[in-house]
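Okay, so here's the structure we're looking at.
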Amino acid sequence: MSQFKDPSKALEVLKEFGPDGLHMSELIDSRNSGGLTYNDFLVLPGFINFPADSVSLETRISRNIALKTPFVSSPMDTVTESEMAISLALMGGIGIIHNNCSIESQAAMVKKVKLFENGYINEPIVLSGDHTIHDVLEIKRRLGFGGFPITETGKLGGKLIGIVTMRDIMFNKNYSTKLSEVMSTDLVTAKCGIPLSEANSILERSKKGKLPIIDNEGNLVSLVSLSDLVKNHDYPLSSKNPETKQLLVGAAVGTRMADRDRVAKLVEVGVDLIVLDSSQGNSVFQIDMIKHMKSTYGNKIDIIAGNVVTREQAANLIMAGADGLRIGMGSGSICTTQEVMAVGRPQGTAVHQVSKFAREFGVPTIADGGISNIGHIAKALCLGASTVMMGGLLAGTSETPGEYFYIEGKRMKKYRGMGSLDAMKDSEKSSNDDSGSQARYFSESDKIKVAQGVSGSVTDKGSVKSFLGYLTTGLQHSLQDMGVLSVESLYGLVMEGKVRFEQRSPSAQLEGGINGLATYEKKLYSTS
Ligand code: IMP
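Structure below.
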């Protein structure tokens, strides 16, 4: 008789062995493990019987706001202004506009997202007739494109008087020549309000590179560009308000009295979600702000409270009426909170403990900070978060605020913590209500500002839309490997013990990295 068991009985034998790997609750028991973070564990693979592109990433950021992808951008002044928020919403996520600026500027950024129509450049670079060829060449060198509308004021909203393209200045070597002398004035324009398809056909017929869009008085409102026409996509995942069809956008606020005016203005311009921005959200100030907002706006606006890392913190905010919670203290890539304040929690444990509790009340959670690759996103979702908030991972894309610069031949952009002294200085300059970074990290009575973050730089990541496409496809493949068909079903399968885990020793972490190569180049994705 054979010493081996019958292969057709493999599933029965498997039952005798018991499930392989660890249940989430075994993995997370922080008394044994000392607190977990993303790199400390791996998800065990499951069974694949579906293609990766059928994996649904639909989720909720808050009680009443559903998203097609779980991606949220941080309210930081080097990450999220209108451009980033528009791109996030187009790709199925949501951007949270930072508040390190005046109420008016923040409201204007929210409004721009709400008024966005795919295909129109709503903030084109505009020059005046007094600018010179040198100015055009300089902008072309910095930004890579060289066609600009010319208005009387040199600003958007001014009367359109011409357009200058590289063709107009190509052979003119006198760089101090004013644009009024070389610009084209035989303009083909379109009136604002026309559908994009019509604007596109005018542009095609005109055989020009740019179509300025003007109002009834001839003032420049926006621009349609031929190069965009060629690459203009549909965005089937885009996050939109089902009634108005406008893109969804969130905004951060503090909890001071002046922030109540800020919220009123943001609601007036159509914000969908308010994020109460604090590194330690369990405070009487946040509870009062939630109560004030709920009594003033009812359920019109969802409120994300936080940040929290414990169940006790979460309980207070849930009781006050929070529609979502933001989890993380000290896990951010630019953050020195744990070092300086001695408070915080390893992010894996924090995400699980808070999410497990908040799910009892139907309150979705955001895993905020420390997300530096697709694997971390997948793990945060396994731990119970419904979405992930990213700062550093999106920093350096072309849609972030700020300009590129070069360090040792590498194209870079600034990325800084909102608790860095650098951000705080700008908060003093630009915010007329002592809000933003000051309010998040410093008390009014503080004589000395203790920094909780650093200011640095990150390399150019190109367009955030391509990058988010990479995150979307990568995350679908990750769930496929787990044998899971949707983000919505993932946590249930985790808690049923069907998705299982393994701890990762320091040498296992080393093994999972790239090994033994003398040189290599790490490219994240290709779009071809
Ligand atoms: P990252 O995605 O790891 O770069 O972390 C971004 C997150 O760090 C933000 O969403 C904030 O929660 C947090 N954060 C932003 N600025 C600071 C800071 O100066 N100190 C501590 N945490 C910060």
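Add 793 to a position in the sequence shown, counting from 1, and you land on the number used in my numbering. Here a beta-carbon is modelled for each residue, glycine too, at the ideal position from N, C-alpha and C.
Check: Pro-868 C-beta below 8 Å from any heavy atom of the ligand IMP: Here residue 868 corresponds to residue number 75 of the sequence shown, with the count starting at 1. Result yes, Cβ under 8 Å from the ligand IMP.
Backbone CA spacing between Ile-1080 and Val-1102 [nearest angstrom]: Sequence index remark: in the sequence shown, residue 1080 carries index 287 (1-based). Sequence index remark: in the sequence shown, residue 1102 carries index 309 (1-based). Taking the straight line joining both Cα atoms gives about 17 Å.
Ile-1067 vs Val-1077 beta-carbon contact at 9 Å: The residue labelled residue 1067 in the question sits at position 274 within the sequence shown. The residue labelled residue 1077 in the question sits at position 284 within the sequence shown. No, Cβ-Cβ distance for Ile-1067 and Val-1077 is not below 9 Å.
Spatial distance of Ser-880 from His-1169 (CA atoms): Translated into positions along the sequence shown, residue 880 becomes position 87. Translated into positions along the sequence shown, residue 1169 becomes position 376. Each residue's CA atom was taken as its position, placing Ser-880 and His-1169 some 21 Å apart.
Contact between the stretch 818-837 and the stretch 1282-1296 (3+ Cβ pairs under 8 Å): A contact exists between the stretch 818-837 and the stretch 1282-1296.
In chain order, each alpha helix (DSSP H) run of at least 4 residues that lies wholly inside the stretch 848-931: The qualifying runs are 875-883, 896-907.
Segments of 3+ residues assigned as beta strand (DSSP E) that fall wholly inside the stretch 1024-1054: Qualifying beta strand (DSSP E) stretches, in chain order: 1043-1046.
Bridge partners - Arg-1209, DSSP secondary structure assignment: Position 416 of the sequence shown, counting from 1, holds the residue named residue 1209. DSSP lists Ser-1248 as partners of Arg-1209.
beta-carbon Ala-1216 near the ligand IMP non-hydrogen atom, thresh 8 Å: Along the sequence shown, one-based indexing puts residue 1216 at 423. It does: the Cβ of Ala-1216 is within 8 Å (strictly closer) of some heavy atom of the ligand IMP.
Beta carbon of Ala-1113 nearer than 9 Å to that of Ile-1083: Reading the sequence shown from its first residue, position 320 is the one you call residue 1113. Reading the sequence shown from its first residue, position 290 is the one you call residue 1083. Taking 9 Å as the Cβ cut-off, Ala-1113 and Ile-1083 qualify as a contacting pair.
Leu-1030 versus Ile-918: straight-line alpha-carbon distance, rounded: One-based indexing of the sequence shown puts residue 1030 at position 237. One-based indexing of the sequence shown puts residue 918 at position 125. Looking at the two C-alpha atoms, the distance is approximately 29 Å.
Secondary structure of Gln-1273, DSSP reduced to three states: Within the sequence shown, numbered from 1, the residue matching residue 1273 stands at position 480. Gln-1273: helix per DSSP, three-state reduction.
Residues bridged to Val-1181 (per DSSP): By 1-based counting over the sequence shown, the position of residue 1181 is 388. In the DSSP secondary-structure assignment, Val-1181 is bridged to Phe-864, Ala-1160.
Pair within 9 Å by beta-carbon distance, Pro-1157 and Arg-935: Within the sequence shown, residue 1157 is the residue found at index 364, counting from 1. Within the sequence shown, residue 935 is the residue found at index 142, counting from 1. No, the pair does not count as a contact, with Cβ atoms beyond the cut-off.
The stretch 1266-1274 contacting the stretch 836-848, beta-carbon criterion three pairs below 8 Å: Using a C-beta cut-off of 8 Å, the stretch 1266-1274 makes contact with the stretch 836-848, since at least three inter-stretch Cβ pairs fall below that distance.
CB contact flag (Leu-972, Val-1042, <9 Å): Taking the first residue of the sequence shown as 1, we reach residue 972 at position 179. Taking the first residue of the sequence shown as 1, we reach residue 1042 at position 249. No, the pair does not count as a contact, with Cβ atoms beyond the cut-off.
Exposed unless 16 or more other CB atoms sit within 10 angstroms - verdict on Ala-900: By 1-based counting over the sequence shown, the position of residue 900 is 107. Ala-900 sits buried, since 16 or more C-beta atoms from the chains shown fall within 10 Å of its C-beta.
Neighbour-count burial assignment, His-924, 16 or more Cβ in a 10 Å radius: Position 131 of the sequence shown holds residue 924. By the neighbour-count rule (16 or more Cβ atoms within 10 Å), His-924 is buried.
C-alpha gap between Gly-885 and Asn-965, whole angstroms: Translated into positions along the sequence shown, residue 885 becomes position 92. Translated into positions along the sequence shown, residue 965 becomes position 172. If you take the alpha carbons of Gly-885 and Asn-965, they lie about 46 Å apart.
Minimum C-alpha distance to Ser-1071 - residue among Glu-1061, Glu-1295, Gln-1106, Phe-1154: As a position in the sequence shown, residue 1071 is number 278, starting the count at 1. Nearest C-alpha to Ser-1071: Gln-1106.
Integer-rounded CB distance, given that Ala-1044 should sit under 8 Å from Ile-889: As a first step, residue 889 must be located in the sequence shown, where it is residue number 96. As a first step, residue 1044 must be located in the sequence shown, where it is residue number 251. That pair is a contact at about 6 Å.
Boundaries of the beta strand (DSSP E) in which Lys-966 is found, first to last residue: Within the sequence shown, the letter at position 173 stands for residue 966. Counting along the chain, Lys-966 sits inside no beta strand (DSSP E), nor does DSSP assign it H or E at all.
Short Cβ contact (9 Å threshold) for Ile-1164 with Tyr-831: As a first step, residue 1164 must be located in the sequence shown, where it is residue number 371. As a first step, residue 831 must be located in the sequence shown, where it is residue number 38. Remark: C-beta atoms of Ile-1164 and Tyr-831 approach each other more closely than 9 Å.
Close-in-space but distant-in-sequence residues of the same chain around Tyr-1028 (CB under 6 Å, 5 per side omitted): Stepping through the sequence shown from its first residue, residue 1028 is reached at position 235. Excluding positions up to five away in sequence, the list reads Leu-883.
Under the three-state DSSP convention, the category Asp-1081 falls into: Within the sequence shown, numbered from 1, the residue matching residue 1081 stands at position 288. Assignment of Asp-1081 by DSSP, reduced to helix, strand and coil, places it in the helix class.
Those runs of the alpha helix (DSSP H) which lie wholly inside the stretch 1124-1158 and span at least 4 residues: Within the stretch 1124-1158, the alpha helix (DSSP H) runs of at least 4 residues that lie entirely inside it are, in chain order, 1130-1134, 1140-1152.
Contacting residues, own chain, Cβ-Cβ under 6 Å from His-927 (five flanking each side not counted): If you number the sequence shown from 1, residue 927 lands on position 134. The answer, listed in chain order, is Tyr-968.
Buried/exposed call for Thr-871, threshold 16 Cβ in 10 Å: Taking the first residue of the sequence shown as 1, we reach residue 871 at position 78. Classification for Thr-871: buried.
Short Cβ contact (9 Å threshold) for Gly-1184 with Leu-835: Taking the sequence shown and counting its residues from 1, the one referred to as residue 1184 is at position 391. Taking the sequence shown and counting its residues from 1, the one referred to as residue 835 is at position 42. No, these two residues do not count as a Cβ contact at 9 Å.
In DSSP terms, what Thr-1190 is bridged to: Working through the sequence shown from its first residue, we reach residue 1190 at position 397. In DSSP, Thr-1190 forms a bridge with Gly-1255.
Pairwise C-alpha distance: Ser-801 and Ser-1126: Position 333 of the sequence shown holds residue 1126. Position 8 of the sequence shown holds residue 801. About 50 Å.
Thr-1129 CB to nearest heavy atom of the ligand SAM below 8 Å: The ligand SAM is not part of this structure, which contains only the ligand IMP.
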